[in-house]
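Data block below; observations after.
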Amino acid sequence: MELLQIEQAASLLLQQDWILLLCHQSPDGDTIGSGYGLCQALHQLGKHAAVICTDPIPRKMGFVTKGLNPSLLFPPESAQFIVSVDIADVKLMGSALSVYQEAGKVDLAIDHHLSHKPYAKRLLLGGAAANCQIIYDLIGKMGIACTPAIASCLYLGISTDTGCFRFSNTEPRTHQIAAELMELGANWFEINWDMFEVKTQAQLTLEQEVLKTLRFYCGGKAAAIVITQELLAKAGADYEDTERLVNTPRSIEGVEIGATLKERPEGGFKVSLRTGETVDASQICAVFGGGGHKRAAGCLIKQTAEKTLNLLSKEFEKAF
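Residue numbers are given in the working numbering: position 174 of the sequence shown equals residue 274, and the series is strictly consecutive.
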């Protein structure tokens, strides 16, 4: 694997065409914003580019496709250069992208997770709060004008990955880029409103049901909630409606480790961890083949809810 500087990555992309961009499964605003922001930027240069993901784009993020040039899109099998965005581990690609998990299939990985597990031929890695910060700088190095549509994609990733600038990963540069994106026409108000304020009736019903699953561990210093497919059906909600619940356990006073378990349709649980300053979430998730950041990380555990909770609780005890 070759570690690239941002200038080298920009030069490499300028030499390519028919570029396929990969997003991780259970897509969040950062992987979606990175993929579609970069895709639109490449279209500005007249390059063929397309984005694929194992799971559908969340409804609230559907606006990211508006700036695309349909004539420059193409089917995945026509790709000549593969780029992954915001994917720290090939396992996070999901089943639909399994063909790209083979060694050497990805030509360039662009990521901001310091826990990144190398899988691509080349890697552009930065410790930014959001992957969209790297994409913003990369687009600038490529000499591409950032349109309002591109700016909205990148603002989406930065806002969501920092919890609307509330998380500890937020840095001065994060605010600087966000301000520049606002000046470039990012639809920042609607993005923040839709991502952090608006709730559907199904989401409210789901919250009521999920709070009944709340459990505490380690003398109240750790907490977990479980979202099953059965609860989703009961509330009339879908997988997208679970995103707002990820921070709930950690938001409880005295809780240093908050875990949200979300049952996948194919089985097993996607675990999202949020931690305080004393615990490294990425180290806990690494035990189960996952990763992320010190304060926010994730993994997939293919067990029942009870077994998953038991496995996690043992790691919580070790962490304390």
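Idealized CB from N, CA, C, for every residue including glycine.
Mapping the DSSP letters down to three states, classify residue i as helix, strand or coil.
i	result
cysteine 246	coil
glutamate 206	Here the sequence assigns valine to residue 206, which means glutamate is not the residue at that position. Three-state DSSP puts valine 206 in coil, outside helix and strand.
leucine 104	coil
aspartate 211	strand
phenylalanine 267	coil
phenylalanine 316	strand
leucine 173	coil
valine 183	strand
alanine 302	helix
alanine 419	helix
histidine 143	helix
valine 310	helix
leucine 238	helix
alanine 337	coil
glutamate 290	helix
Spell out the partners DSSP gives residue i in its beta bridges.
i	result
threonine 404	In DSSP, threonine 404 forms no bridge with anything.
threonine 424	Any question about residue 424 goes unanswered here, given that the chain covers just 101 to 420.
glycine 162	Paired residue(s): none; glycine 162 is not in a bridge.
glycine 392	Ala397
alanine 149	Ile119
arginine 222	Glu102 and Leu208
Can the beta-carbon of residue i be found closer than 8 Å to that of residue j?
i	j	result
glycine 336	serine 215	no
threonine 131	cysteine 139	no
aspartate 207	asparagine 231	no
isoleucine 119	leucine 142	yes
leucine 426	glutamine 403	Here the chain covers residues 101 to 420 and nothing more, so residue 426 does not appear.
leucine 197	isoleucine 152	yes
serine 134	valine 199	no
valine 164	leucine 256	yes
glutamate 309	arginine 159	no
leucine 121	valine 183	yes
Out of the options, which has the shortest C-alpha to C-alpha gap to residue i?
i	options	result
leucine 172	Leu345, Gln383, Ala150 and Ser195	Ala150
glycine 137	Val298, Leu238, Phe174 and Leu400	Leu238
asparagine 292	Glu307, Met161 and Glu377	Met161
arginine 395	Ile250, Ser268, Phe174 and Leu103	Ser268
aspartate 67	Pro349, Thr274, Met295 and Ile325	An answer regarding residue 67 cannot be provided, because it is not within the stretch 101 to 420 covered by the chain.
leucine 224	Asp338, Thr408, His393 and Ser111	Ser111
glutamate 280	Val298, Glu330, Ala245 and Phe174	Ala245
lysine 166	Ala359, Thr247, Gly227 and Ala209	Thr247
arginine 315	Gly389, Ala405 and Gln233	Ala405
arginine 213	His148, Ala381, Phe388 and Glu290	Checking the displayed sequence, the identity of residue 213 turns out to be histidine instead of arginine. Minimum Cα distance to histidine 213 is reached at Ala381.
leucine 409	Ile106, Val326, Val183 and Leu306	Val326
I want to see whether chain D comes within less than 8 Å of residue i, judged by CB atoms only; does it?
i	result
isoleucine 352	No chain D is part of this structure, which consists of one protein chain only.
Check: Counting Cβ pairs, one atom from each stretch, are 3 or more of them under 8 Å apart for the region 305–321 and the region 365–373?
Finding: no
Next item on the list: Pair every Cβ in the region 370–378 with every Cβ in the region 399–407, then say whether three or more of these pairs are closer than 8 Å.
Entry: yes
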